[in-house]
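Basically my numbering = 1-based index in the sequence shown + 145. The block underneath contains the structure these notes are about, expressed in structure tokens.
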Amino acid sequence: MTTVKTETGTLSKARPNPGLPRVLLVEDEQPIRDIIVPWLFRDGFDCREAADGRAAMELLAAATRINLALSNLLLPMVDGFTLLLHLKQRYPRIPFAFVTAINVRKSEKK
């Protein structure tokens, strides 16, 4: 067990455990991964990280068991939409969710 210091305190970060549900987190900004990964470990998930869509595809191709994919939308190399299409074509049973700060709603004109 290791600990990770955050702005709000210290979180325990478990070592990877193959028996836990595994999340693939695809986020290009390391500070954001540094926030999300300890939360996932704390809440009982094993986590794999990728800094871009291409690295995520490589992890998936390496036969790494993934139970859920969380991805940013704007990523270098391969963007989140392309990763989603790839995942749904090759790994249709893996649930996928975007985690992004982009507002995708069109602004209303007054």
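Positions of the beta carbon are idealized from the N, C-alpha and C atoms, including for glycine. Please read these numbers as outputs of a predicted model, since none were measured by experiment.
Nearest to R167 by alpha-carbon distance, out of N212, R199 and F186, is N212. In the three-state scheme derived from DSSP, where H, G and I count as helix and E and B as strand, F190 is classed as coil. The DSSP-derived three-state label of R199 is helix. With contact defined as three or more Cβ pairs closer than 8 angstroms, the segment 192-211 and the segment 220-229 are in contact.
Listed in chain order, the non-local C-beta contacts of I177 below 7 angstroms within the same chain number zero, local neighbours out to five positions each way being set aside. Annotation: the continuous beta strand (DSSP E) that includes L169 extends over R167 to V171.
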